[in-house]
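Peer 1: Residues in the first sequence are numbered from 434 upward in steps of one, following this note's numbering.
Before I ask anything, let me first share the structure, which is written out below as structure tokens.
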Amino acid sequence: MNQGTPPRLRFAPSPTGPLHPGGVRTALFNYLLARQTGGTFVLRIEDTDQNRFVEGAEQFIIDSLAWCGIKFDEGVHMGGPYGPYRQSERKSMYRQYATELVEKGAAYYAFDTEQELDEMRDRMKASGTASPQYNSITRVNMKNSLSLPADEVRRRLGAGDPYVIRFRMPRNEELRVQDVIRGWVVVNTAQLDDKVLFKSDGMPTYHLANVVDDKLMRITHVIRGEEWLPSTPLHVLLYRAFGWEDSMPQFAHLPLLLKPDGDGKLSKRDGDRLGLPFYAISWTNPETGETTAGYREAGYFPNAYVNFLALLGWNPGDNREMFTMEELVQLFSLERVNKHGARYDFQKLAWFNQQYLRKIAPADLALMVRPQVEAAGWQTTSGFLEEVCRLMRERLTLVGDFSNMCIYFFEFPRQYDPEVVEKRWKSPVPSCFLSLADALERVDAMGAGELESVFESIVVAAGLKQGQLMQAFRLALSGEVGGPALFEMGALLGRDSVVARLRRAVEMLGHG
RNA sequence: GGUCCGUUCGUCUAGGGGUUAGGACACCAGAUUUUCAUUCUGGUAACAGGGGUUCGAUUCCCCUACGGACUACCA
434 MNQGTPPRLR
444 FAPSPTGPLH
454 PGGVRTALFN
464 YLLARQTGGT
474 FVLRIEDTDQ
484 NRFVEGAEQF
494 IIDSLAWCGI
504 KFDEGVHMGG
514 PYGPYRQSER
524 KSMYRQYATE
534 LVEKGAAYYA
544 FDTEQELDEM
554 RDRMKASGTA
564 SPQYNSITRV
574 NMKNSLSLPA
584 DEVRRRLGAG
594 DPYVIRFRMP
604 RNEELRVQDV
614 IRGWVVVNTA
624 QLDDKVLFKS
634 DGMPTYHLAN
644 VVDDKLMRIT
654 HVIRGEEWLP
664 STPLHVLLYR
674 AFGWEDSMPQ
684 FAHLPLLLKP
694 DGDGKLSKRD
704 GDRLGLPFYA
714 ISWTNPETGE
724 TTAGYREAGY
734 FPNAYVNFLA
744 LLGWNPGDNR
754 EMFTMEELVQ
764 LFSLERVNKH
774 GARYDFQKLA
784 WFNQQYLRKI
794 APADLALMVR
804 PQVEAAGWQT
814 TSGFLEEVCR
824 LMRERLTLVG
834 DFSNMCIYFF
844 EFPRQYDPEV
854 VEKRWKSPVP
864 SCFLSLADAL
874 ERVDAMGAGE
884 LESVFESIVV
894 AAGLKQGQLM
904 QAFRLALSGE
914 VGGPALFEMG
924 ALLGRDSVVA
934 RLRRAVEMLG
944 HG
């Protein structure tokens with residue numbers, strides 16, 4: 434199938450809201466395969482449902498994928514030889530295809546009103562059918578061009594009666610559909626219904642539009658979510674009815690992304706519930722004005738996010754798990770995609786981010802952290818900031834953690850950890866610190882070495898062990914229990930600040 | 001309910017007729033560290049159940065259970 438010609442893949446979301454992580458992963462897998470094979474990657478917008486259109490969703494999709502480093506070759510935002518790439522702009526071409534199917538006997542007009550449809554379903558439920566279908570059995574009792582006399586059909590069409598075009602599903606035919614990930618999937622058409630292909634508002638449904646566009650855009654591989662597996666037989670039948678089966682794309686249905694715990698598929702609520710970002714970039718609902726945090730804004734790295742997503746449902750077959758986009762392009766294969774759903778583990782994502790963060794040079798990290806520093810109103814130099822980054826890098830998981838974890842580098846402790854105060858702030862600690870402050874004032878250049886030796890001399894003079902004073906010293910400087918190497922931290926803060934912090938601590942916490 | 005898809009440590013997964021069932025996250029313990037983090041070492045922890053096939057099944061087949069998707073003039 435499609436040998437010799439370079440593959441053409443597409444990502445075809447509908448702009449009904451912000452792009453879900455599952456969508457990002459689908460786009461990623463398509464992208465990886467396109468790059469690997471020297472193929473083309475297309476972004477097509479499936480906006481055939483005018484009622485569900487959400488303002489800004491299309492741009493959000495584009496921006497999200499751009500942030501992830503997923504690039505297109507053709508698409509709604511950049512044009513290309515197979516445009517337009519927005520289905521609403523292709524509206525005029527679908528009717529002819531739907532009509533063609535009617536002419537070939539593979540589809541028919543149906544005039545049933547919503548009410549009549551409901552009545553049919555109620556009737557069938559009442560007589561024991563669990564899921565009523567508009568199919569080869571029931572269609573004879575409905576109002577359509579198969580059940581109505583030809584002249585009435587003509588009259589209704591001529592009079593402009595609203596109608597839809599439905600697929601004429603064969604009564605009982607075994608259908609074999611091949612999926613790259615799942616192998617052969619067999620279904621009987623008796624289980625399928627006469628799906629609407631063309632809606633009364635003049636727009637096609639997904640089923641028709643997707644087949645027609647994939648054909649017209651010469652798509653060779655359809656990689657999409659598992660939720661499409663049940664309707665793939667219909668799509669195959671559509672290709673067949675059009676006489677396009679020879680150039681039908683290969684199908685691959687990706688396993689779902691599941692909730693981190695509990696049952697069901699991953700949803701925005703899971704992020705909300707855990708207080709974690711959910712979308713690639715932040716999203717503001719145009720109707721409610723409500724904003725959902727994004728990974729970009731929270732200080733995650735796009736390559737960490739992509740790395741994490743790539744391993745949900747796919748693996749290279751060995752124990753490696755850190756990959757650049759280039760490596761993913763090289764290693765990816767549909768054959769190694771799992772069949773079962775994968776839970777979305779926020780914790781593992783954080784771990785990936787931490788791994789990437791540690792590889793960032795302090796100077797670069799300083800640049801990334803700058804906006805937070807400014808937002809906090811801290812005055813600093815780039816040199817100082819870089820040093821803080823050098824000291825704190827190992828302790829951060831997210832770039833966004835910086836402003837919370839590094840406060841004491843920029844201002845005096847806001848509070849002193851009560852537990853440490855209780856345990857360490859005892860005589861003669863305060864008076865030692867007063868002496869330490871005095872001694873430091875006589876030092877000209879205070880590096881980590883000088884600080885340590887002065888500290889040491891105070892310790893000796895007081896007849897104590899170094900360890901007895903260290904914790905309290907950290908407390909005086911930062912107010913916290915943990916942190917980077919103490920003397921390096923002190924040296925970075927500078928002599929004057931250290932002296933001031935010591936005196937202030939004694940003032941605040943008393944003399945023991 | 002029906003159809004389809006699935007089921008290896010808590011999670012992501014490797015493996016595959018004979019293995020001490022491997023790795024990673026998380027968790028726990030120890031070492032290191034003034035401390036937190038890091039790092040290092042170690043540990044707990046899995047083939048859903050039942051039938052076959054086979055000398056042998058976690059691996060192949062069937063059934064059951066469980067989970068999921070779909071079941072719209074939504075995609």
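Idealized CB from N, CA, C, for every residue including glycine.
How is the beta strand (DSSP E) around Glu375 delimited, first residue to last?
Peer 2: Examination of residue 375 is not possible in this model, given that the chain is present from 434 through 945 alone.
Peer 1: For the stretch 734-754 against the stretch 468-482, are there 3 or more C-beta pairs whose distance is under 8 angstroms?
Peer 2: Not touching, per the Cβ criterion.
Peer 1: Enumerate in chain order the residues of its own chain whose CB-to-CB distance from Lys698 is below 8 angstroms, with the five nearest sequence positions on each side excluded.
Peer 2: So the qualifying residues of the chain are Gly455, Leu689, Leu690, Leu691, Lys692 and Gly774.
Peer 1: In the DSSP output, what is Pro637 paired with across the bridge?
Peer 2: Pro637 is bridged to Phe631.
Peer 1: Measuring only the C-alpha atoms, how far is Asp834 from Cys822?
Peer 2: Asp834 and Cys822: Cα-Cα distance of roughly 12 angstroms.
Peer 1: Along the chain, where does the alpha helix (DSSP H) containing Val887 start, and where does it finish?
Peer 2: That run of the alpha helix (DSSP H) goes Ala881 to Ala895.
Peer 1: To which residues of the same chain is Arg458 closer than 8 angstroms at the C-beta, ignoring the five residues directly before and after it?
Peer 2: Here the set comprises Leu687, Leu690, Leu742, Ala743, Leu745 and Gly746.
Peer 1: Please state whether the Cβ-Cβ distance between Leu466 and Leu767 is less than 8 angstroms.
Peer 2: Yes; because the gap between Cβ atoms is below 8 angstroms, this pair is in contact.
Peer 1: Tell me the DSSP bridge mates of Ala504?
Peer 2: Note that residue 504 is Lys in the sequence shown here, rather than Ala. Its beta-bridge partners do not exist; DSSP assigns none.
Peer 1: Three or more C-beta pairs closer than 8 angstroms, one from the stretch 698-707 and one from the stretch 663-676: is that the case here?
Peer 2: Contact fails: fewer than three Cβ-Cβ distances are below 8 angstroms.
Peer 1: Could you tell me the distance, in whole angstroms, from the CA atom of Gln962 to the CA atom of Leu761?
Peer 2: Limits of the chain in this structure are 434 at one end and 945 at the other, which puts residue 962 out of reach.
Peer 1: Verify whether the separation of the beta carbon atoms of Trp858 and Pro451 is less than 8 angstroms.
Peer 2: Contact flag unset, no.
Peer 1: Tell me the start and end of each unbroken alpha helix (DSSP H) in the stretch 541-573 that is at least 4 residues and wholly inside, in chain order.
Peer 2: The stretch 541-573 contains these whole alpha helix (DSSP H) runs: 547-559.
Peer 1: With a threshold of 7 angstroms on Cβ separation, who are the neighbours of Ile503 within its own chain once the five nearest residues in sequence on each side are excluded?
Peer 2: Ala460, Leu461 and Tyr464, listed in sequence order.
Peer 1: Buried or exposed: Leu625, going by 16 or more other Cβ atoms within 10 Å of its Cβ?
Peer 2: So Leu625 counts as buried.
Peer 1: What does Gly916 pair with, by DSSP beta-bridge criteria?
Peer 2: Answer is none; Gly916 lacks a bridge partner.
Peer 1: Excluding the 5 residues preceding and the 5 following Lys632 in the sequence, name in chain order all residues of the same chain whose CB lies nearer than 7 angstroms to its CB.
Peer 2: Around Lys632: Val597 and Thr638.
Peer 1: Whole angstroms are fine: how far does the CA of Lys628 sit from the CA of Leu829?
Peer 2: Each residue's alpha carbon lies about 53 angstroms from the other.
Peer 1: What residue from Leu831, Asp797 and Met825 has the CA that sits closest to Ser815's CA?
Peer 2: Checking every option, the nearest Cα to that of Ser815 belongs to Asp797.
Peer 1: Could you compute how far the alpha carbon of Ala543 sits from the alpha carbon of Glu536?
Peer 2: Between Ala543 and Glu536, the C-alpha separation is close to 14 angstroms.
Peer 1: Please tell me whether Leu831 and Tyr733 are closer than 8 angstroms, where the distance is taken between their beta carbons.
Peer 2: A contact, by the Cβ cut-off of 8 angstroms.
Peer 1: Within this structure, are the beta carbons of Arg599 and Ala674 separated by less than 8 angstroms?
Peer 2: In this structure, Ala674 does not lie closer than 8 angstroms to Arg599 by Cβ.
Peer 1: Grab me the residues of Ala872's own chain with a C-beta within less than 6 angstroms of its C-beta, minus the 5 sequence neighbours each way, in chain order.
Peer 2: Val887.
Peer 1: If you follow the alpha helix (DSSP H) that Val770 is in, where does it begin and where does it stop?
Peer 2: It is not in any alpha helix (DSSP H) - Val770 carries neither H nor E in the DSSP assignment.
Peer 1: Taking Tyr849 as the reference, give the member of Ala938, Trp661, His510 and Lys524 with the closest Cα.
Peer 2: Checked all of Ala938, Trp661, His510 and Lys524; the closest Cα to Tyr849 is Ala938.
Peer 1: Nearest to Gln469 by alpha carbon, out of Leu764, Leu942, Gln520 and Asp545?
Peer 2: Ranking Leu764, Leu942, Gln520 and Asp545 by Cα distance to Gln469 puts Leu764 first.
Peer 1: Under the three-state reduction of DSSP, which class applies to Lys698: helix, strand or coil?
Peer 2: The answer is strand: DSSP assigns Lys698 an E or B state.
Peer 1: Just to confirm my understanding: we take Tyr515, look at its own chain, exclude 5 residues before and 5 after, and list those with CB closer than 6 angstroms. What are they?
Peer 2: Closer than 6 angstroms at the Cβ level, and outside the excluded window around Tyr515, lie Met650.
Peer 1: Specify whether the stretch 579-593 and the stretch 608-623 touch according to this definition: at least 3 beta carbon pairs, one from each stretch, less than 8 angstroms apart.
Peer 2: No, the stretch 579-593 does not touch the stretch 608-623.
Peer 1: Run through the DSSP bridge pairs and tell me what His686 is partnered with.
Peer 2: DSSP, once it has assigned bridges, lists Arg657 as partnering His686.
Peer 1: Could you check where the alpha helix (DSSP H) with Arg528 kicks off and where it finishes?
Peer 2: Its alpha helix (DSSP H) spans residues Lys524 to Glu536.
Peer 1: In terms of residue numbering, what span does the alpha helix (DSSP H) encompassing Asn463 cover?
Peer 2: Pro454 to Thr470 is the extent of the alpha helix (DSSP H) around Asn463.
Peer 1: Using beta-carbon positions only, say whether Ala924 and Ala870 come within less than 8 angstroms of one another.
Peer 2: In this structure, Ala870 does not lie closer than 8 angstroms to Ala924 by Cβ.
Peer 1: Would you check if the distance between the CB atom of Pro565 and the CB atom of Val620 is smaller than 8 angstroms?
Peer 2: Result no, Cβ atoms of Pro565 and Val620 do not sit closer than 8 angstroms.
Peer 1: Applying the 10 Å Cβ sphere with the 16-neighbour rule, what's the burial state of Glu488?
Peer 2: Counting Cβ neighbours within 10 Å, Glu488 comes out exposed, since fewer than 16 surround it.
Peer 1: Report the option in Leu818, Gln520, Leu782 and Val806 whose CA atom is closest to the CA atom of Ala794.
Peer 2: Taking only the C-alpha atoms, the option nearest Ala794 is Leu818.
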